[in-house]
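*Asks:*
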Amino acid sequence: MIPLENLVSPQVLQAVVAGVVVATGWLVAAAQNRRRDDRLRRSREEDIQRALLAEIRAYVVALELQVPSPEDAASLIESVRSGAVVPILPQEVNDRIFAALIAEIHVLPAPVIDPVVIYYRLLSVMSALARELRRIVRQDSQKAARMMEDYLSLSAQARDAGFEAITVLTVSLQGSGETLERMIAEGREARAREIAQRLPAELDQLRAGLGGSGAGSSGLSTRASDRSFR
32 MIPLENLVSP
42 QVLQAVVAGV
52 VVATGWLVAA
62 AQNRRRDDRL
72 RRSREEDIQR
82 ALLAEIRAYV
92 VALELQVPSP
102 EDAASLIESV
112 RSGAVVPILP
122 QEVNDRIFAA
132 LIAEIHVLPA
142 PVIDPVVIYY
152 RLLSVMSALA
162 RELRRIVRQD
172 SQKAARMMED
182 YLSLSAQARD
192 AGFEAITVLT
202 VSLQGSGETL
212 ERMIAEGREA
222 RAREIAQRLP
232 AELDQLRAGL
242 GGSGAGSSGL
252 STRASDRSFR
């Protein structure tokens with residue numbers, strides 16, 4: 032076998048070796064950069080999830096305390112309808128951390144994004160409803176009573192959505208991707224069964240409402256848990 036140095040000049044051989052070394056260095060550096068970027072991304076992802084978890088958990092406790100029993104809710108709505116009570120509702124959305132991190136929400140795991148966004152969306156709707164209720168409460172007590180009923184319903188929905196977001200964030204931070212995916216699948220199946228059981232009665236109620244005066248709500252469920260994880 033003819034030695035390689037007899038086929039090419041030493042200068043060419045040195046250039047080839049140098050090229051191989053440089054190319055190898057590029058590949059190694061690229062791999063190291065990817066690993067570093069992955070570590071930074073995971074670290075940032077965890078930081079965002081912890082911050083959101085803290086904010087959601089703190090306010091869900093407040094929501095749990097402010098959601099009244101059905102009897103108290105009915106009494107409050109009637110008091111608003113009669114004009115005896117002017118409700119004082121929080122109008123600020125408790126979303127400072129979420130608002131500051133909204134541009135980075137895409138770095139979160141996909142199964143985490145929907146529950147978090149749904150929760151904060153409900154808070155935003157509650158805030159808008161509270162402002163409108165305060166504006167009209169002395170002008171139209173009947174409409175204010177209906178809005179108060181909607182507000183209390185939204186409070187319960189936001190609380191439930193908050194619990195769901197807390198659960199998903201906690202599981203995600205524990206690094207259990209399989210558990211998270213299984214939980215999502217089980218949640219979808221449970222919601223499908225619940226909707227299938229509830230839908231006939233809701234459709235009957237809707238038909239009855241359409242056949243009557245047309246006033247009032249349709250009674251269809253708008254719970255956040257029916258929209259999550261889709």
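Counting from 32, one number per residue, gives the positions in the sequence shown under my numbering.
Quick reminder that beta carbons are idealized off the backbone N, C-alpha and C, glycines included.
#1: I need the DSSP call for residue 66, collapsed to helix, strand or coil.
#2: Taking 9 angstroms as the CB-CB cut-off, is residue 198 touching chain B?
#3: Please determine if the region 45-62 and the region 158-165 are in contact, where contact requires at least 3 C-beta pairs separated by less than 8 angstroms.
#4: Consult DSSP for residue 123 and reduce its assignment to one of helix, strand or coil.
#5: Helix, strand or coil for residue 115? Go by DSSP, reduced to three states.
#6: Looking at the secondary structure, which residues open and close the alpha helix (DSSP H) in which residue 145 lies?
#7: I want to know whether the region 189-200 touches the region 146-154 - three or more CB-CB distances under 8 angstroms.
#8: Tell me whether residue 155 is buried or exposed, calling it buried when 16 or more other Cβ atoms sit within 10 Å of its Cβ.
#9: DSSP on residue 171, reduced to helix/strand/coil?
#10: Alpha carbon to alpha carbon, what distance is there between residue 108 and residue 120?
#11: Just mark residue 92 as buried or exposed, buried being the case when its beta carbon has 16 or more other beta carbons within 10 Å.
#12: For my contact list, residue 182 and residue 159 are in at a C-beta cut-off of 8 angstroms; report their separation, rounded to the angstrom.
#13: Taking just the CA atoms, how far does residue 71 sit from residue 178?
#14: How would you label residue 190, buried or exposed, when you count the other beta carbons within 10 angstroms and need 16 or more for buried?
#15: Classify residue 59 as buried or exposed, calling it buried when 16 or more other Cβ atoms lie within 10 Å of its own Cβ.
#16: Whole angstroms is fine: what's the gap from residue 128's alpha carbon to residue 204's?
#17: For residue 98, which residues from the same chain have a beta carbon less than 8 angstroms from its beta carbon, with the 5 sequence-adjacent residues on both sides left out?
#18: Taking buried to mean at least 16 other C-beta atoms within 10 Å of its own C-beta, is residue 175 buried or exposed?
#19: Does residue 205 come out as helix, strand or coil in the three-state DSSP assignment?
*Replies:* Considering the structure as presented:
#1: The three-state secondary structure of residue 66, taken from DSSP, is helix.
#2: As a matter of chain content, chain B is missing from the structure shown, which is built from one protein chain.
#3: Taking one beta carbon from each stretch, the region 45-62 and the region 158-165 have fewer than 3 pairs nearer than 8 angstroms; the two do not touch.
#4: Of the three classes helix, strand and coil, the one that applies to residue 123 here is coil, per DSSP.
#5: In this structure, residue 115 counts as coil in the three-state DSSP scheme.
#6: Residues 141-167.
#7: Yes, the region 189-200 is in contact with the region 146-154.
#8: Residue 155 sits exposed, since fewer than 16 C-beta atoms from the chains shown fall within 10 Å of its C-beta.
#9: In the structure shown, residue 171 falls within a coil segment according to DSSP collapsed to helix, strand and coil.
#10: Approximately 13 angstroms, taken between the alpha carbons.
#11: That one is exposed.
#12: About 10 angstroms separates the beta carbon of residue 182 from that of residue 159, a gap too long to meet the 8 angstroms contact definition.
#13: The alpha-carbon separation between residue 178 and residue 71 amounts to approximately 46 angstroms.
#14: Looking at its Cβ environment, which holds 16 or more other Cβ atoms inside 10 Å, residue 190 is buried.
#15: Sixteen is the threshold: since fewer than 16 other Cβ atoms of the shown chains lie within 10 Å of the Cβ of residue 59, the residue is exposed.
#16: Distance between the alpha carbons of residue 128 and residue 204 is about 18 angstroms.
#17: Answer for residue 98: 183, 186, 187, 190, listed in chain order.
#18: Counting every other CB atom within 10 Å of its CB across the protein chains shown gives residue 175 a total of 16 or more, marking it as buried.
#19: Coil, per DSSP.
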